[in-house]
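Numbering (the numbering used here), first residue to last: 36 to 183.
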């Protein structure tokens, strides 16, 4: 179900990204995401290694890693949430990269808790001037000793 994204067209990824990101960030004006679409299409996705979760030719989730360390995207279709797709995608890249980081909006409690449950720890905070919302910088390392 997990495979490397090799298609030339980014349209399915962009459609899923827009649907998922507006769903996950109701505290940010939806127009911001529409305005960001070109940047995601032209800069971020082409610079990333992306794996997808597909079922019956339907794209249900994807994860993108930039610079062999930064998770720039992890999105699951809203109708496919709570099925383990996000965990499987994240575990897939954890097997390939020993040190991963990501940035997540502090108000996105569901995502912060999800990443924490999968071994990511908050290392720093940041401010997103474009959205006027704070984020957490979270990190996972393969050689971590689990906390008791």
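Quick reminder that beta carbons are idealized off the backbone N, C-alpha and C, glycines included.
- Residue range 144-152 is occupied by the alpha helix (DSSP H) that includes residue 151.
- Per DSSP, the continuous alpha helix (DSSP H) segment holding residue 127 begins and ends at 120-129.
- With contacts defined as CB atoms closer than 7 Å, residue 153 and residue 125 qualify as a contacting pair.
- Here DSSP, grouped into helix, strand and coil, assigns residue 71 to helix.
- For residue 37, same chain residues with a beta-carbon under 8 Å away, outside a window of 5 residues either side, are 86, 87, 88, 123, 124 and 127 in chain order.
- In the DSSP assignment, residue 90 is bridged to 93.
- Residue 135 has its alpha-carbon roughly 6 Å from the corresponding atom of residue 174.
- In the DSSP assignment, residue 138 forms a beta bridge with 172.
- Residue range 46-59 is occupied by the alpha helix (DSSP H) that includes residue 51.
- Residue 77 carries a helical assignment under DSSP once its states are collapsed to helix, strand and coil.
- Per the Cβ contact rule, the segment 129-146 is in contact with the segment 158-174 (3 or more Cβ pairs under 8 Å).
- DSSP places residue 109 in the uninterrupted beta strand (DSSP E) bounded by 105-111.
- The C-alpha of residue 74 is placed about 16 Å away from the C-alpha of residue 163.
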